[in-house]
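Asks: Quick note: the sequence shown uses the working numbering, first residue 110, plus one each step.
We put the beta carbon where it would ideally sit given N, CA and C, even for glycine.
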Amino acid sequence: MRRARETVVARADLSGNLYRMVARKLPCYETATPDKIWRHFLDATGTQHAGERIVTCALNLRGHHPL
């Protein structure tokens, strides 16, 4: 159980850091929180494909994007 919890914490930390890296490259989002980036860009449906060495995500298109 402890290892599963550690994995969840590590994933949350990694995803937060990835959101910040993306935000730094987007005009008007340089200081955005991970939550705001999630709501504006990633809170969407799609599919995820996991292979042995790579994970790809295909997001469904939206009618409106903030950029």
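According to DSSP, is L168 helix, strand or coil?
Replies: On the sequence shown, position 59 is the one that residue 168 refers to. Residue state for L168 is assigned as strand, using DSSP reduced to three classes.
Asks: Can you give me the Cβ contacts of F150 inside the same chain, cut-off strictly under 6 angstroms, excluding the 5 residues immediately before and after it?
Replies: For the purposes of this step, residue 150 is identified with residue 41 of the sequence shown, where counting begins at 1. So no residue of the chain qualifies.
Asks: If we call anything under 8 angstroms between Cβ atoms a contact, is A153 one with R171?
Replies: Mapped onto the sequence shown, residue 153 falls at position 44. Mapped onto the sequence shown, residue 171 falls at position 62. Taking 8 angstroms as the Cβ cut-off, A153 and R171 qualify as a contacting pair.
Asks: Starting from D152, follow the alpha helix (DSSP H) in both directions and report where the run begins and ends.
Replies: Your numbering for residue 152 matches position 43 in the sequence shown. It is not in any alpha helix (DSSP H) - D152 carries neither H nor E in the DSSP assignment.
Asks: At what residues does the alpha helix (DSSP H) containing P143 begin and finish?
Replies: Position 34 of the sequence shown, counting from 1, holds the residue named residue 143. P143 to I146 is the extent of the alpha helix (DSSP H) around P143.
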